[in-house]
Amino acid sequence: MSNRRKYLNYTTPWGVDLARVAKSGWTPFLIHESGYQPQLEDWNHQGVDSPFWRFYYNPKPGCHLQFQGEKIMLEPKRAVLIPADTVFDCCGPVKACHFWLHFTTARPGVSIPAAPIVISVDDSLRAMLTKLIATHREPTSELRDHRLHHLSSALLHTVFATLETDSPPALPERLVEVLALIARAPHSKLTNPFLAERAGMSVERFIRSFREHTGQTPAAYVLNTRIRLSGEALALTDKTIDQIAAEFGFPNRHYFSRMFARQVGCGPSEFRQRQRDRKGR
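Letter by letter, the sequence shown follows residues 71 to 351 in my numbering.
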């Protein structure tokens, strides 16, 4: 019979307890697409926008992004991280040797401006990018795609670890559960009284605590979540606008279209068409 001791404590006096970080509001990366093309033809697209984040890296120079009059070069020593809802132009005077990631993430309580972020590519990041590109060149297989997912996640964690942004405030466990509910069931009737009851608070205390920790009222957060998720569905699925409106908690298509246009700047149909025109770019 073994006399080995079972260590049941998940923390020690010598390590760093990361559970509090996990509860601080960081949403894990949801990666929609990882892509690489050695010679993309006509990489010229004006007014690119999307409900998800993008990461761009070009192993060869020659192409650039245009953002509010600023020219951002894409070259081996720098990559670009582009937050959701950032409008920019892709400029490809030459064939683009282009690696990209499309993904979703969020940090409640932390505001990240809608502007491209230039990332310096050091030796460690270059090694990860080289591995990812080499994996893209392997024959298509389920195992290859699993490796791409893990390598892409590791790359994004490495990139985000370099960002100098404010740390999101630690969320109380009750609010963590409420945010998870909103993300999991956006179609539900997510009223303030209902959410307050789930959080075990009075309505007034809940609204005050929610705004303190997320920077938004519960109603604004619910609407923003519904708009973001419906934007992803418009861009990434063939569901009808009526189906998407119902799936994400809007009473009808007309109300959904009005709220979507107010938040995004165009209606769902136009948004979907613009995304399809640039699919995979």
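Virtual Cβ for every residue (Gly too), placed ideally from N, Cα, C. Please read all numbers here as calculations on a predicted model, not as lab measurements.
(request) Report the rounded CA-to-CA distance for T261 versus L293, giving the unit in angstroms. (result) On the sequence shown, position 191 is the one that residue 261 refers to. On the sequence shown, position 223 is the one that residue 293 refers to. About 11 Å.
(request) Tell me whether L171 sits in a helix, a strand or coil according to DSSP, three-state version. (result) For the purposes of this step, residue 171 is taken as the residue at position 101 of the sequence shown. Here L171 sits in strand by DSSP.
(request) Whole angstroms is fine: what's the gap from R281's alpha carbon to L265's? (result) On the sequence shown, position 211 is the one that residue 281 refers to. On the sequence shown, position 195 is the one that residue 265 refers to. Cα to Cα, R281 sits roughly 13 Å from L265.
(message) Going by C-alpha to C-alpha distance, which of I277, C336 and P288 sits closest to L304?
(response) Counted from its first residue, the sequence shown places residue 304 at position 234. The shortest C-alpha separation from L304 is found at C336.
(request) Please classify G270: is it buried, with 16 or more other beta-carbons within 10 angstroms of its beta-carbon, or exposed? (result) Start at 1 with the first residue of the sequence shown, and residue 270 comes out as number 200. Exposed.
(message) Whether or not the segment 150–162 and the segment 107–120 are in contact is what I'm after, with contact meaning three or more pairs of Cβ atoms, one per stretch, closer than 8 Å; do they touch?
(response) yes
(request) Measuring alpha carbon to alpha carbon, tell me which of S339, P108, R214 and I187 ends up nearest T232. (result) Your numbering for residue 232 matches position 162 in the sequence shown. Residue I187 is the option with its Cα nearest to T232.
(request) Taking G117 as part of the beta strand (DSSP E), name the residues at either end of that continuous run. (result) On the sequence shown, residue 117 is found 47 positions in, with the first residue counted as 1. H115 to V118 is the span of the beta strand (DSSP E), which, as asked, contains G117.
(request) Can you tell me which of the three DSSP states G301 falls into? (result) As a first step, residue 301 is located in the sequence shown; it is residue number 231 there, counting from the start. Three-state DSSP puts G301 in a helix.
(request) Tell whether a beta-carbon distance below 8 Å holds between H168 and N128. (result) Numbered from its first residue, the sequence shown carries residue 168 at position 98. Numbered from its first residue, the sequence shown carries residue 128 at position 58. Yes, the pair counts as a contact, with Cβ atoms nearer than the cut-off.
(message) For I277, report the span of its alpha helix (DSSP H) as first-last.
(response) In the sequence shown, the residue the question calls residue 277 occupies position 207. Residues V273 to T284.
(request) Could you work out which residue in F137, Y106 and I182 is closest to I203 when comparing CA atoms only? (result) Residue mapping note: residue 203 aligns to position 133 of the sequence shown, counting from 1. Ranking F137, Y106 and I182 by Cα distance to I203 puts Y106 first.
(request) Please state whether DSSP places E243 in a helix, a strand or coil. (result) In the sequence shown, residue 243 corresponds to position 173, counting from 1. If DSSP states are grouped into helix, strand and coil, E243 belongs with the helices.
(request) Can you have a look at V334 and say buried or exposed, based on whether 16 or more other CB atoms are within 10 angstroms of its CB? (result) Residue numbering aside, residue 334 sits at position 264 when the sequence shown is read from its first letter. V334 should be labelled buried.
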